[in-house]
DNA sequence: CGCGACGTTGATTTGCCTCAACGATTGTGG
DNA sequence: CCACAATCGTTGAGGCAAATCAACGTCGCG
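Residue numbers (the numbering used here), protein chains in the order written: chain F, 90 to 295; chain P, 90 to 295.
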């Protein structure tokens with residue numbers, strides 16, 4: 090258990106220095122939670138009380154539109170934070186589903202505890218600023234990609250930037266994340282495999 | 090001039106409290122800069138040395154793809170921050186153009202000065218964390234909209250959420266921001282005007 | 001006034017979606 | 001452990017929203 094917990098501290102230390110005293114104050118604010126495959130962390134309408142750090146497994150966040158179509162916003166694996174962030178911050182009803190795609194283990198913190206932790210361990214304020222800076226940069230890039238790339242190029246791009254991640258999610262989740270249908274993604278993969286040629290399968294993305 | 094400068098302090102105070110001593114330390118770190126209509130704040134390949142706060146005017150950030158097509162990432166008016174954030178943070182070559190659409194006035198800060206300011210005025214660390222939280226939320230919503238809404242609905246959505254902003258930019262910039270061509274936006278507007286009926290022009294978005 | 005950039009409108013094309021049927025794979029209860 | 005159902009991925013046929021291409025009107029500016 091504890092060796093998993095230290096994933097969080099190790100992760101934070103990639104961004105900000107922590108004294109060992111500060112380090113010890115972090116973990117006690119978190120509770121570990123397991124979530125079964127296909128279990129839901131949150132559903133629309135509920136209030137998202139926790140910010141959750143993934144120490145094992147994978148999850149996705151998505152919405153459903155009025156035609157019951159799912160749209161995947163995030164594909165999360167180890168060292169990602171998941172929450173309905175708007176709901177967590179403002180106590181408003183959540184907009185997203187968050188579902189475990191693999192059996193997962195999370196470290197969760199409630200908002201009052203997080204605020205208290207900011208005061209006890211000031212570098213965390215900086216950590217979360219850096220975290221949100223990076224998230225902002227990634228989303229900016231994703232928007233640029235959605236505006237300027239074809240479905241095919243978005244897929245190629247994703248595979249190159251996050252190798253290994255695609256393999257952990259059903260293809261339809263990846264398709265939705267990339268803004269296309271499962272049918273389109275299937276055709277794109279077929280196209281790539283064909284043009285690579287039967288002899289040179291070393292580009293296989295499986 | 091100073092009355093414009095105080096727009097920044099006033100803005101920051103919407104997010105975090107500042108003592109008057111702290112308040113006085115903020116503005117001296119910034120330099121005011123005017124930029125003519127169609128002037129460029131930054132171009133791809135340059136290093137973005139400043140984070141710029143818009144106190145007057147409007148700007149857009151965009152990229153061009155290999156087919157010379159422009160793709161607008163941001164439409165900025167008063168109280169927005171503009172920069173090639175990645176370049177600003179890491180000193181890497183900028184990816185974006187930033188162009189003044191109207192004659193504009195900015196308050197600029199360099200990165201070392203910003204870091205120094207964090208230390209002098211700790212609440213700014215919190216301010217920028219909150220700022221990036223909000224930017225993150227807005228980008229998330231934009232991605233959801235791009236995934237789940239038609240071009241028509243994205244336009245309606247934008248007009249409702251940012252009334253007045255559209256009028257300050259050429260239609261083709263708005264179209265690009267919304268992920269469609271100028272032709273498509275023109276047809277959408279025509280469609281909306283027609284279905285509103287010739288007698289009831291009170292929904293006109295001009 | 002005349003040039004150039006912008007918006008509009010029409011004709012045509014296209015990338016991706018929808019619908020549908022069929023394999024492949026997974027998971028589950030008997 | 002097998003049989004069956006359910007889910008997922010693949011493939012094909014047809015359709016549609018939006019893009020492209022192109023011509024014309026309009027406005028602002030030198």
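Don't be surprised by glycine CBs; every beta carbon is placed ideally from N, CA and C.
| Asked | Found |
| --- | --- |
| Proximity to residue 200 of chain F [Cα-Cα], best of F:243, F:178 and F:211 | F:178 |
| Beta carbon proximity, residue 280 of chain P to chain F, threshold 7 Å | no |
| Where residue 93 of chain F falls, given that 16 or more other Cβ within 10 Å makes a residue buried | exposed |
| For residue 160 of chain F, the nearest candidate out of P:265, P:278, P:280 and P:234 (CA to CA) | P:234 |
| Proximal residues of chain F, C-beta to C-beta of residue 218 of chain P below 7 Å | 214, 217, 218 and 221 |
| Straight-line gap, residue 270 of chain P to residue 271 of chain F (C-alpha atoms, nearest Å) | 26 Å |
| Start and end residues, alpha helix (DSSP H) containing residue 160 of chain F | No alpha helix (DSSP H) holds residue 160 of chain F; the beta strand (DSSP E) holding it covers 159-165. |
| Residue 224 of chain F at chain P interface by Cβ criterion, 7 Å | yes |
| Residues, ordered as in the chain, of the segment 145-166 of chain P that lie near chain F by beta-carbon distance below 7 Å | 152, 154, 160 and 162 |
| Three-state class that DSSP yields for residue 271 of chain P in the structure shown | helix |
| Selected residue, minimal CA-CA separation from residue 130 of chain F, among F:109, F:98 and F:192 | F:192 |
| Test item: CB-CB of residue 226 of chain F and residue 175 of chain P under 7 Å | yes |
| Any chain F beta carbon closer than 7 Å to residue 277 of chain P | no |
| Interface residues of chain P facing residue 105 of chain F [CB-CB closer than 8 Å] | Chain P residues near residue 105 of chain F: none, gap ~11 Å exceeds 8 Å. |
| Under 8 Å from the C-beta of residue 237 of chain F: neighbouring residues of chain P | 152, 154, 158 and 160 |
| Chain-ordered chain P contacts of residue 272 of chain F [CB-CB under 7 Å] | In chain order: nothing, as chain P lies at least about 16 Å away. |
| Chain-ordered residues of the segment 103-127 of chain P with a beta carbon less than 9 Å from chain F | none |
| Per DSSP, cross-strand counterpart(s) of residue 197 of chain P | P:120 and P:141 |
| Beta carbon proximity, residue 228 of chain P to chain F, threshold 7 Å | yes |
| Through-space distance from residue 105 of chain F to residue 231 of chain P, alpha-carbon basis | 30 Å |
| Sequence ranges, beta strand (DSSP E) only - wholly within the segment 188-246 of chain P, length at least 3 | 193-199 |
| 7 Å Cβ cutoff, residue 246 of chain P in contact with chain F | no |
| Residue 104 of chain P (DSSP reduced to helix, strand or coil) | coil |
| Interface partners of residue 174 of chain F on chain P, CB under 9 Å | 222, 225, 226 and 229 |
| N-terminal and C-terminal residue of the alpha helix (DSSP H) that residue 265 of chain P is part of | 260-266 |
| Residue interval of the alpha helix (DSSP H) (run including residue 109 of chain P) | 109-115 |
| Under 8 Å by beta carbon: chain P residues contacting residue 268 of chain F | 235 and 236 |
| In DSSP terms, what residue 330 of chain F is bridged to | In this structure chain F extends from 90 to 295, so residue 330 of chain F is not present and cannot be described. |
| Run of the alpha helix (DSSP H) containing residue 176 of chain P, from where it starts to where it stops | 174-179 |
| Interfacial residues, the segment 183-215 of chain F to chain P, with Cβ spacing under 7 Å | 214 and 215 |
| Beta-carbon neighbours of residue 263 of chain F, restricted to chain P and to distances below 9 Å | Correct list: empty, because the minimum Cβ distance to chain P is about 13 Å. |
| Sufficient close CB pairs (3 or more, under 8 Å) joining the segment 247-261 of chain P to the segment 248-267 of chain F | no |
| Residues near residue 146 of chain P in its chain [Cβ-Cβ closer than 7 Å; skip 5 each side] | 189, 191, 192, 193 and 194 |
| Inter-residue spacing [alpha-carbon to alpha-carbon] between residue 267 of chain P and residue 116 of chain F | 43 Å |
| When P:112, P:149 and P:167 are compared against residue 186 of chain P, the one with the closest alpha-carbon | P:149 |
| Residues bridged to residue 297 of chain F (per DSSP) | The requested residue 297 of chain F is not part of the displayed model; chain F covers only 90 to 295. |
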